[in-house]
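As numbered in my numbering, residues 457 to 573 make up the sequence shown, in order.
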Amino acid sequence: MPHAPRSRCTYSGCGRPFQSSKFIRINDRRRTGAGGQDWSALSGSVLCEACYDRFYKRGTLERTRNKPIEESERRCTYTGCDRPTQTSRFYKIDKRTSAGGQDWARLAGSVLCNTCY
């Protein structure tokens, strides 16, 4: 993986454009390569490691996960939950959830409390 000179991530939505252990310059060779993604729209860009990994894995630079859950949805939907509204955090499960290496597809659309997650 070729490294760009120490610089900044050029993705405008990057939360830490200057903080990365490495920066990757996207060139024409990456157009159809890494991760099976089409990199052509990013040719000439410099990405931090986090943004590069996000595009490599998901095909997008947008951070769509971990959005705050609406107040009305903050209830654990697991039927065996003892305290469905009393937690510090809730997780909305979607078909891409891969925490713990588990297949969460059957729970897609569910909301789980911190304990049940």
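Glycine included, every Cβ here is placed at the ideal spot set by N, Cα and C.
Item                                                                                                                       : Value
Per DSSP, which residues does LYS548 bridge with? Please list them.                                                        : VAL567
What does DSSP give as the partner residue(s) for ILE480 in the beta ladder?                                               : LEU503
Would you report the Cα separation of PRO473 and ASP538, rounded to the nearest angstrom?                                  : 42 angstroms
On the criterion of 16 or more Cβ atoms from any shown chain inside 10 Å, does ARG552 qualify as buried, or is it exposed? : exposed
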